[in-house]
Structures are given as structure tokens and as C-alpha cells.
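Everything on this sheet refers to the single structure shown next.
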Amino acid sequence: MFSEELRLENEKKCAVVRKSKQGRKRQELLAVALGVKISSLVRRAALTHNDNHFNYEKTHNFKVHTFRGPHWCEYCANFMWGLIAQGVRCSDCGLNVHKQCSKHVPNDCQPDLKRIKKVYCCDLTTLVKAHNTQRPMVVDICIREIEARGLKSEGLYRVSGFTEHIEDVKMAFDRDGEKADISANVYPDINIITGALKLYFRDLPIPVITYDTYSKFIEAANINIITGALKLYFRDLPIPVITYDTYSKFIEAAKISNADERLEAVHDVLMLLPPAHYETLRYLMIHLKKVTMNEKDNFMNAENLGIVFGPTLMRPPEDSTLTTLHDMRYQKLIVQILIENEDVLF
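Position 138 of the sequence shown, counting from 1, maps to 138 under full-length UniProt numbering, and the rest follow consecutively.
See the structure below:
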């Protein structure tokens with residue numbers, strides 16, 4: 001009876017995934033029938049009204065396991081034969097299945113908080129699934145504290161707090177989770193909190209901007225570098241290629257075209273991010289936009305914040321100093337674009 005219930009439950013989960021894919025397909029077919037081209041930006045606007053947008057998928061973290069006593073596969077409900085290495089177990093949620101069955105299990109891992117040993121250095125999607133939140137609670141708590149008392153602090157995010165105190169904040173989150181006290185009574189220097197937030201992003205095993213989207217972000221930044229250099233060349237010519245009487249009309253048309261190309265390129269890459277990573281990046285960019293609105297007091301504009309957060313949010317898959325140095329300007333530019341256009345891109 002128990003095994004039959006497991007089988008039916010798995011079938012229901014698979015049906016939900018199929019239904020979601022069929023719904024997206026019907027939407028695309030309807031657009032074709034109506035002769036309407038749905039751009040990714042328009043599609044994103046529609047998705048924001050979808051209640052299931054934050055129903056994050058997470059793959060299981062299966063590892064070969066030796067079970068003591070009789071065990072049954074929680075996917076096919078058949079007995080797991082053998083004395084050692086009878087199957088695999090998800091180290092995040094504890095699901096036990098045959099090794100072959102693990103290839104067919106849907107991406108429905110729901111991590112168990114008891115298995116999450118720490119907050120820092122924990123996979124972002126794993127953490128939000130375990131706590132049932134849209135974003136890591138570290139990001140929410142730190143940003144809430146920074147916005148409450150630090151938006152006017154000079155050099156916000158550029159000035160570093162004491163390393164020992166930042167480590168204390170890290171240990172507090174690892175130990176106490178969402179109950180960690182990072183108030184002004186405990187840490188009066190706001191740079192300690194910003195340092196702890198930056199450290200959280202640096203310690204992620206998979207960066208917010210994931211490895212598989214890294215090169216695409218760099219390519220998107222490249223487009224802006226080339227178009228920017230081209231516009232600079234035309235501006236520096238002693239006799240403009242586009243004469244003065246037609247200049248304003250041509251330049252306005254060029255700006256509209258280039259802006260669309262730039263925003264569409266970056267936006268298309270954003271859509272490739274895992275949901276938990278996308279939501280965290282969106283929330284961070286909204287926050288950084290608020291920081292730039294207080295530039296008169298904190299002297300931090302989007303470009304300065306791009307220098308700070310570029311290497312933090314984006315890391316190349318290969319640990320190459322040469323690659324890092326080459327990509328640094330593009331990393332800064334991507335973050336700057338995300339901040340300046342957060343209301344359009346997200």
C-alpha cells in the first residue's frame with residue numbers, strides 16, 4: 001500500500017511538470033495563430049503574474065549509499081537488492097532510490113533543514129528551498145539592515161569592515177540562521193554588514209550569475225563596449241559623418257536601436273538563470289539602485305558599484321588570472337547595466 005502511494009505521488013509530480021510545459025507551448029502556438037511575436041521581455045511581463053513563478057525546481061544531490069536493513073526504492077517502490085551500495089540517497093532531502101531510477105526522478109528536491117549544516121557556502125537554490133523563501137534569508141536580513149541605517153554612508157560597499165567582525169556575522173548566520181542579530185547594537189559599523197553580504201556571495205559554490213551563463217553575460221557586455229566605441233569615434237570626428245542638420249534624427253534613432261539590442265541581449269541571458277538565482281539578483285539590483293539614488297551622500301554610483309560587485313557576482317569557470325583580468329571590465333559593465341536598467345530588465 002505504501003509503495004503504491006509513492007508511485008502515484010511521483011506520477012502526479014511528473015504530470016505537473018508536463019502540464020507546465022504544455023501551457024507554455026499553447027501560449028506560443030496561440031501567438032503564432034494571432035500573428036503576434038512575443039519577445040522575451042513581453043513574456044517576462046506575463047510571467048510576473050504567474051503564481052507558480054517562485055516554485056523553484058531543484059535537482060537531487062544523489063550519492064551512492066549503503067543501506068542497513070531492507071530498503072525499497074521511493075521512486076519505483078521495488079526492493080533495493082544487495083549488501084552494499086544498493087542505491088543512492090539525496091544528501092539534501094534524504095530521498096532513497098535505485099541508481100537507475102535516479103535518472104528519472106523529477107527535479108523536485110525539497111531540502112531538509114536538518115541536513116543543511118550552514119548558511120554560508122551552501123548552494124543558493126538549496127538554501128531557499130530548505131527555508132521555503134524566495135531569496136536567501138542572509139540577503140534579505142543584510143539588505144534590510146543596510147537600507148535602514150546605511151544608505152547615506154560614504155563609500156557604501158567600497159569601504160571594508162574589520163575581517164574578524166565580518167567572520168562573526170558569518171558564524172552568527174551559520175549558527176542562528178534567521179535569528180542572527182546584526183543590529184546596530186551589536187555591529188554599529190554598517191561596513192561590517194555590507195562585508196558579510198559580499199562574503200556570502202563570494203562563498204556561494206555556484207555564483208549568483210551561474211557558470212553556464214557567465215560567457216553569455218560577457219558577450220552581452222562586449223556588444224556595449226563595441227557600440228560605445230563606435231559612437232565615441234563618430235563624436236570625435238572633426239567633420240561628423242552625419243551632418244548637423246540631420247544629426248539629431250539619426251542619433252535618436254541609433255540610441256533606440258542600440259538600447260533595445262543591449263537590453264534584449266542581457267535580458268535573454270537573465271532568463272537562463274535558475275529561479276532562485278534570478279530572484280536574488282533582481283532583489284539585489286533593486287537595492288543597489290536605491291544606493292545610487294543617495295549618491296550625493298555616499299558617492300556610490302552604478303559604475304562604482306559595478307567595480308565592487310562585478311568580480312563578486314561573476315566568476316569565470318576556469319581559475320585563470322589572465323581570464324579574470326581580461327573580463328573584469330565586462331563584469332563591472334554588466335552589473336552597472338543591471339543597476340541602471342533594473343526596472344526594465346527585471
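Glycine is no exception: its CB is placed at the ideal position from the N, C-alpha and C atoms.
Problem set entry | Integer-rounded CB distance, given that N298 should sit under 8 Å from V308 | Actually they do not touch by this definition, with Cβ atoms about 12 Å apart.
Problem set entry | In chain order, each alpha helix (DSSP H) run of at least 4 residues that lies wholly inside the segment 260 to 309 | 275 to 292, 295 to 298
Exercise. Helix, strand or coil for G195 per DSSP?
Worked result: helix
For this session: Decide if the segment 95 to 106 is in contact with the segment 155 to 172; the criterion is three or more beta carbon pairs, one per stretch, under 8 Å apart.
Result: no
Exercise. Where does D176 fall in DSSP's three states?
Worked result: helix
Exercise. If you drop the 5 nearest sequence neighbours on each side, which residues of the same chain put their C-beta closer than 8 Å to that of L197?
Worked result: V138, V139, C142, I143, I146
Problem set entry | Classification of S183 by the beta-carbon crowding that lies within 10 angstroms, buried from 16 upward | exposed
Problem set entry | Exposure label - D181; buried when at least 16 CB within 10 Å | exposed
For this session: Work out the CA separation of E264 and residue 350 for me, nearest whole Å.
Result: Residue coverage of the chain in this structure runs from 1 to 346, which leaves residue 350 outside it and unanswerable.
For this session: With a 10 Å radius around its C-beta and 16 neighbouring C-beta atoms as the bar for buried, classify H277 as buried or exposed.
Result: buried
Exercise. Can you give the Cα-Cα distance for T59 and D108, rounded to whole angstroms?
Worked result: 7 Å
Problem set entry | Three-way DSSP call (helix, strand, coil) for S142 in this model | The identity of residue 142 in the sequence shown is Cys, whereas the question assumes Ser. Helix, per DSSP.
For this session: For the alpha helix (DSSP H) holding V208, just list the boundary residues, first then last.
Result: Taken as a continuous stretch (DSSP letters only), V208 belongs to no alpha helix (DSSP H), as it is neither H nor E.
Exercise. So what's F346 in DSSP terms, helix, strand or just coil?
Worked result: coil
Problem set entry | C-alpha gap between M322 and H104, whole angstroms | Per the sequence presented here, residue 322 reads as Leu, with Met not at that position. So the alpha carbons of these two residues sit roughly 41 Å apart.
Problem set entry | V88 - containing beta strand (DSSP E), residue span | 87 to 90
Exercise. Cβ of P205 within 8 Å of Cβ of D92?
Worked result: no
Exercise. CB-CB under 7 Å to V344, same chain, minus the five flanking residues each way: which ones, in chain order?
Worked result: L263
For this session: May I ask you to report which of helix, strand or coil DSSP gives K58?
Result: strand
Problem set entry | Within 8 Å, strictly: CB atoms of M300 and L199 | no
For this session: Reducing DSSP to helix, strand and coil, say where H131 ends up.
Result: helix
Exercise. Whole-angstrom Cβ separation of H65 and G87, contact assumed at under 8 Å?
Worked result: 6 Å
For this session: Look up F217 in the DSSP assignment and say whether it is helix, strand or coil.
Result: helix
Problem set entry | Close Cβ partners of R202 (< 8 Å) along its chain, the five nearest in sequence each way excluded | T312
Problem set entry | Own chain, CB closer than 6 Å to K216, minus 5 neighbours either side, in chain order | V269
Exercise. What number of angstroms, rounded off, separates the C-alpha of L194 from the C-alpha of V335?
Worked result: At residue 194 the sequence reads Thr, which differs from the Leu that was named. Whole-angstrom Cα-Cα distance: 17 Å.
For this session: Drop a sphere of 10 angstroms on the beta-carbon of R149, count the other beta-carbons inside from all chains shown, and report buried for 16 or more, exposed for fewer.
Result: exposed
Exercise. Going by other Cβ atoms of all chains shown within 10 Å of its Cβ, with 16 needed for buried, is C121 buried or exposed?
Worked result: exposed
Exercise. What's the gap between the Cα of H287 and the Cα of E342?
Worked result: 10 Å
For this session: Starting from K63, follow its DSSP beta bridges and name the residues at the other end.
Result: R89
For this session: Identify, in the order they occur along the chain, each residue of the same chain with its Cβ nearer than 7 Å to the Cβ of K170, setting aside the five sequence neighbours on each side.
Result: Y120, A196, L199
Exercise. Name the DSSP beta bridge partners of N96, please?
Worked result: R89
Exercise. Considering only residues of the same chain and omitting the five flanking positions on each side of K118, which have a CB-CB separation below 6 Å?
Worked result: D174
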